[in-house]
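The numbering used here puts the first residue of the sequence shown at -6, with every later residue one more than the last.
All remarks here apply to the structure that follows.
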Amino acid sequence: MGNLEKYKGVIPAFYACYEDNGDISPERTRALTQYFIDKGVKGVYVCGSSGECIYQSVEDRKLTLENVMAVAKGKLTVIAHVACNNTKDSMELARHAESLGVDAIASIPPIYFRLPEYSIAAYWNAISSAAPNTDFVIYNIPQLAGTALTMSLLAEMKKNPRVIAVKNSSMPVQDIQMFKAAGQDNFMVFNGPDEQFISGRIMGAEGGIGGTYGAMPALILKMDELVRAAKMEEAREVQYAVNEIIYKLCSGRGNMYAMIKEVLRINEGLDIGSVREPLTGLNENDKEIAKEAARMIQDAIAKYC
């Protein structure tokens, strides 16, 4: 459909912002949006895995996107993940997203039931039909969704002119090459696994969408800059530092997103609440791990940025 330049670069996955009582916080959502604008990223990916979308109601997700768009419109590329575990709710979110003027909508495949490819294609095309003037991004995350994007399914989806990209979170970087080749002109692939940002870029990803970017946007932007300049040894050094931080963020008892939110509180003075159950919040020991991760981020920024 449109120009893909607005999608090329660093697009952090947006975190769910809660009040202290666990409800969606419009004020904190707007504050996080402004944080991303100030950090100079290309865009935001809203209501995906990092946004805890499968634990939220349709109304929760509408409220989040409305408040992101109130701040981001015209300043950031906004991709709204609209998939629910049924077609009707997904179409409602797609219509809502288009009404707000997002750049693209995105969707995982339906989860739980193992559906044939023609059912998955019908689900995605129905969602896309509810936002007929909006680009569509396929989100491939087989390790969580339980369904992998195949070349035959992609070929079927490419018949829909709104399908402009795959967000690829499978671990083999070869998938990026294959999807990019199959997509051909006016089609792009986003790197999903943050731990292999530079590898994905080398294999043909022209942008990245990631759940840990928000904790350390300066480091991800530095990697992007070094890849563009073909300074691969320097890029690898930053990637190794980023990966050590990611391993630290994942080392607590609490969920990684709870850890990231604590890091944002420490490093940025940004309070966006905790995580929604059944995700687990932080215990006291986790708070010490978060302090270590926050310090690692500060040290890496001082060294590389």
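Where a beta carbon is used, it is the ideal one built from N, C-alpha and C, also for glycine.
- Exclusion of the five residues before and after Ala287 leaves Val256, Ile259 and Asn260 as the residues of its chain whose Cβ lies within less than 6 Å of its Cβ.
- Taking C-beta atoms as the reference points, Arg269 and Tyr105 fail to come closer than 8 Å.
- Non-local C-beta neighbours of Ala9 in its own chain, meaning closer than 6 Å and more than five positions away in sequence, comprise Gly44 and Glu45, ordered along the chain.
- Runs of the alpha helix (DSSP H) lying entirely within the region 110 to 178 and spanning at least 4 residues, in chain order: 110 to 122, 135 to 138, 144 to 150 and 167 to 176.
- Restricted to the region 166 to 235, the alpha helix (DSSP H) segments that are unbroken, complete and at least 4 residues in length are 167 to 176, 190 to 195 and 210 to 221, listed in chain order.
- Minimum Cα-Cα distance from Leu(-3) among the listed residues Arg88, Gln27, Phe183 and Tyr48 corresponds to Phe183.
- Residues of the same chain with a CB within less than 7 Å of the CB of Gln189, apart from the 5 flanking positions on each side, are Val166 in chain order.
- According to DSSP, residue pairing for Gly36 in a beta bridge involves Thr70.
- For Ala6, the beta-bridge partners assigned by DSSP are Tyr38.
- When C-alpha distances from Gly193 are compared across Pro210, Arg221, Met209 and Gln177, the shortest belongs to Arg221.
- In this structure the region 21 to 33 does not touch the region 228 to 248; the number of beta carbon pairs closer than 8 Å is below three.
- The C-alpha of Ala141 is placed about 28 Å away from the C-alpha of Met216.
- The Cβ atoms of Met181 and Ile157 sit closer than 8 Å to each other.
- The continuous beta strand (DSSP E) containing Ile98 extends over residues Ala97 to Ser100.
- Among the bridge pairs identified by DSSP, Tyr11 is matched with Ile17.
- Tyr250: member of the alpha helix (DSSP H) spanning Met249 to Glu261, first to last residue.
- In this structure, DSSP gives Cys243 a state outside helix and strand, which the three-state scheme calls coil.
- Glu218 and Ala228 have their C-alpha atoms roughly 8 Å apart.
- Using a 10 angstroms sphere on the CB of Cys298, the tally of other CB atoms stays under 16, which defines it as exposed.
- The beta carbons of Ala208 and Ile253 sit closer together than 8 Å.
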